[in-house]
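In the working numbering, the protein residues as written are 89 to 659. Taking it in order: structure first as structure tokens, then the write-up.
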């Protein structure tokens, strides 16, 4: 906002100040309609898939690899698969699937649908916590109710839906902490994040990144600068360390999950080798020990294709084999960094722009359409020509889904550029989305499944709702001007510097009023009348230091008084 006069100060409406005592409600009746829409869409898809394909529609190549160790843990108390401790899967989703599938796979699919509907509520709560705008939050809920990836995998028995619910619970608590500075909310965020990591290990490194982000955001708050990152890490790391100790004691493997080693060896290193040697990726991957999607096991290093290539490892432990795979993949990547960078960029492109239409084809007909991964070998133009000639209806379907994806991205970009840059919740959404994109593209390799995009879609939907709300507000303003009307121009004038971060109730109330009026499309300015722009010596920033100095002086005076009394007694 503009500053008027040498002795005035304008405030930033994108700050953290809120109305005193204002709390975000946990529910609104207007949320019922997107929930009904989400439930109807997902239950209809479940019924159609069950009628056309049967219970096999609920299965993916990964479902059995979750079900086996989960049932072993539930019935025998040991997290085993293929006769040995399972190091690829973590126990969160396998145990959940083992319990929910006791009444059959359709019952487990219904529970999965309910979790997907619950995620619509959590997207609404996250939108309210980040933007404090009910219209943005409700718009995000409506968008996510029909988001294609969420809908498709709501009936598929894989870990993504449960992971998304736990991750959204953690993000919502983090956003609440950034607004209200309550350590209880941050502790709950850490516990939910630990639970999400036990469902999918992809968030294993996220607590460190979040702790670093909190340190920089709270750099001016000496009371929370160190305390907040410590609380987050204390609530997450001990649980992860306990599982790593289990892995070490049983197999000699010291990491949280071996999914990273499996991916970078059988996918990333194989892809780099295929590019260097100009050979098909699948041929190279099978030579290195990949069993293929038809085999339900995820621990490929236990079986003959891998041992035939490395017979010296027959007597090795699981930890030794995984250490070898890690070192070999790292050596291949370091030898060809340019090829690896190109492969990672292609993986990122697939992750962002795969339409996702093939998932609905699989649910309806048990047949998948041509994957966008053909771009790696054929190029964009040739791949497009091939799919139009061979499968024209499939091409139309992909084009429609791609329009939806690109539309969401464009609206989200508009929301980012129109949003206040000083809003911490915005950086929380962007930072976590960037984390998922970089990590997934770097360690997953070719043939990315579109479901790996699901963790970033709530942030995309929230930002798209913000972009759509800004666009409609601009359109309403143009219409009003064309009709000869004009928006209200509001100026709030108060004594002081109009700083919303001070404990002054008047400043905070005016900040909240101005922020609300700005969201309604009015032109708002806040003028603060002050004799000087220099902060007083007893400002909020110096309060903690002044209190410490005062306490030290008080204790020193008491010590001197006691010493003087003691000397008088001796005399």
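Glycine residues also receive a C-beta, built at the ideal position from the N, C-alpha and C atoms. Quick caveat, the model's predicted, so the values are computed rather than measured.
Segment limits, alpha helix (DSSP H) that includes residue i
i: residue 354; result: It is not in any alpha helix (DSSP H) - residue 354 carries neither H nor E in the DSSP assignment.
i: residue 414; result: 406–423
i: residue 504; result: 480–506
i: residue 306; result: No alpha helix (DSSP H) holds residue 306; DSSP gives it neither H nor E.
i: residue 204; result: 193–219
i: residue 238; result: 236–240
i: residue 224; result: 222–233
i: residue 376; result: It is not in any alpha helix (DSSP H) - residue 376 carries neither H nor E in the DSSP assignment.
i: residue 397; result: 392–397
i: residue 401; result: No alpha helix (DSSP H) contains residue 401, which DSSP labels as neither H nor E.
i: residue 182; result: 180–188
Neighbour-count burial assignment, residue i, 16 or more Cβ in a 10 Å radius
i: residue 574; result: In this predicted model, residue 574 has a pLDDT of only 48, less than 50, meaning its place in the structure is not dependable; the value taken from the coordinates is given anyway. Classification for residue 574: exposed.
i: residue 599; result: buried
i: residue 333; result: exposed
i: residue 486; result: buried
i: residue 549; result: buried
i: residue 537; result: buried
i: residue 240; result: buried
i: residue 500; result: buried
i: residue 94; result: Since pLDDT at residue 94 reaches only 35, below the 50 mark, its modelled position is unreliable, and the value read off the structure follows with that caveat. Counting Cβ neighbours within 10 Å, residue 94 comes out exposed, since fewer than 16 surround it.
i: residue 576; result: exposed
i: residue 120; result: exposed
i: residue 337; result: exposed
i: residue 258; result: buried
i: residue 387; result: buried
Among the options, the one whose alpha carbon lies nearest that of residue i
i: residue 436; options: 479, 504, 496 and 524; result: 524
i: residue 360; options: 640, 536 and 428; result: 428
i: residue 197; options: 127, 400 and 445; result: 127
i: residue 431; options: 355, 401, 388 and 396; result: 355
i: residue 227; options: 554, 578, 582 and 642; result: 554
i: residue 527; options: 187, 136, 191 and 294; result: 294
i: residue 302; options: 292, 316 and 291; result: 316
i: residue 325; options: 344, 253, 398 and 504; result: 344
i: residue 159; options: 135, 188 and 138; result: 188
i: residue 349; options: 140, 483, 419 and 261; result: 419
i: residue 595; options: 603, 604 and 582; result: 582
i: residue 76; options: 116, 642 and 580; result: Examination of residue 76 is not possible in this model, given that the chain is present from 89 through 659 alone.
Delimiting residues of the beta strand (DSSP E) encompassing residue i
i: residue 582; result: 577–583
i: residue 147; result: First-last for residue 147: undefined, no H or E at that position.
i: residue 615; result: 611–617
Coarse secondary structure for residue i, derived from DSSP in three states
i: residue 336; result: helix
i: residue 173; result: strand
i: residue 122; result: helix
i: residue 556; result: helix
i: residue 168; result: strand
i: residue 248; result: helix
i: residue 644; result: helix
i: residue 369; result: helix
i: residue 524; result: helix
i: residue 441; result: helix
i: residue 312; result: coil
i: residue 346; result: coil
i: residue 536; result: coil
i: residue 272; result: helix
i: residue 157; result: helix
i: residue 94; result: Any reading at residue 94 needs caution, since the residue's pLDDT is 35, under 50, leaving its predicted position unreliable; the model's value is listed next. Coil at residue 94, not helix or strand.
i: residue 385; result: coil
i: residue 511; result: coil
i: residue 629; result: For residue 629, the predicted model reports a pLDDT of 48, less than 50, meaning its position is unreliable; a value from the coordinates is still stated below. Helix at residue 629.
i: residue 109; result: At residue 109, the pLDDT of 41 sits below 50, so the modelled position is not reliable; the number obtained from the coordinates is stated separately. Residue state, collapsed to three classes: coil.
i: residue 428; result: helix
i: residue 596; result: helix
i: residue 453; result: helix
i: residue 129; result: helix
Check: residue i C-beta below 7 Å from any heavy atom of the ligand MN
i: residue 122; result: The model depicted lacks the ligand MN and carries no ligand whatsoever.
Contact between the segment 147–154 and the segment 166–180 (3+ Cβ pairs under 8 Å): Segment contact: the segment 147–154 against the segment 166–180, three or more CB-CB distances shorter than 8 Å; contact assigned.
Segment contact, 8 Å Cβ cut-off, at least three pairs: the segment 179–194 with the segment 283–294: Yes: at least three Cβ pairs fall under 8 Å.
Segment contact flag, the segment 234–253 with the segment 540–555, C-beta cutoff 8 Å, min 3 pairs: Result yes; three or more Cβ-Cβ pairs closer than 8 Å.
Sufficient close CB pairs (3 or more, under 8 Å) joining the segment 435–449 to the segment 397–409: The segment 435–449 vs the segment 397–409: no contact.
At least 3 beta-carbon pairs within less than 8 Å: the segment 320–339 vs the segment 265–283: A contact exists between the segment 320–339 and the segment 265–283.
Contact the segment 295–315 vs the segment 243–250: 3+ CB pairs below 8 Å: Contact between the segment 295–315 and the segment 243–250 is absent, because fewer than three Cβ pairs lie under 8 Å.
Cβ pair count under 8 Å reaching 3, the segment 254–271 against the segment 158–170: No, the segment 254–271 is not in contact with the segment 158–170.
Stretch pair the segment 208–217 + the segment 118–127: three plus CB contacts closer than 8 Å: Between the segment 208–217 and the segment 118–127 there are three or more C-beta pairs closer than 8 Å, enough to call the two in contact.
Stretch-stretch touch, CB-based, cutoff 8 Å, three pairs: the segment 186–201 with the segment 133–151: Because the criterion of three Cβ pairs below 8 Å is met, the segment 186–201 and the segment 133–151 touch.
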